[in-house]
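**Q** Just passing along the structure, written as structure tokens.
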């Protein structure tokens, strides 16, 4: 074993990072460095980057499954081999739909990022 994190472990780390982000953005807080419009701009920009990278990962997951299928290395847990093609088709459709949604998420986050760009902090104002 190389000590290098697995793809599944990296995906779990990404999910946990978003969970931590949700906690960090629960309320404006100087300690969490979430109190200025620039903080919101940076967060939305990074999330936009995350979203545009998801379709590649989904495509690579599909490529792995396709490779295993061509090599005859997949089976259906039901024990019924006739169910495998339908399951693979459902997977292909779901991953394609997920990739399309990630691209839409990227586009909407990019719009939000652009909308945040002219906002600045007004001294003397109150942070909610």
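Numbering (this note's numbering), first residue to last: 2 to 129. Glycine included, every Cβ here is placed at the ideal spot set by N, Cα and C.
1) Taking 8 Å as the cut-off, decide whether the C-beta atoms of residue 55 and residue 70 are in contact.
2) To the nearest angstrom, how far is the alpha carbon of residue 95 from that of residue 59?
3) Could you check if residue 1 is buried or exposed, using at least 16 other CB atoms within 10 Å of its CB as the buried criterion?
4) Can you find at least 3 beta carbon pairs, one from the segment 31-39 and one from the segment 7-18, that sit closer than 8 Å?
5) Can you give the Cα-Cα distance for residue 83 and residue 98, rounded to whole angstroms?
6) On the criterion of 16 or more Cβ atoms from any shown chain inside 10 Å, does residue 24 qualify as buried, or is it exposed?
7) Return the first residue and the last residue of the alpha helix (DSSP H) that residue 1 is part of.
**A** In short:
1) no
2) 10 Å
3) No answer is possible for residue 1: it lies beyond the span of the chain, which begins at 2 and ends at 129.
4) no
5) 24 Å
6) exposed
7) What the structure shows of the chain is the stretch from 2 to 129, and residue 1 is not part of that stretch, so it cannot be assessed.
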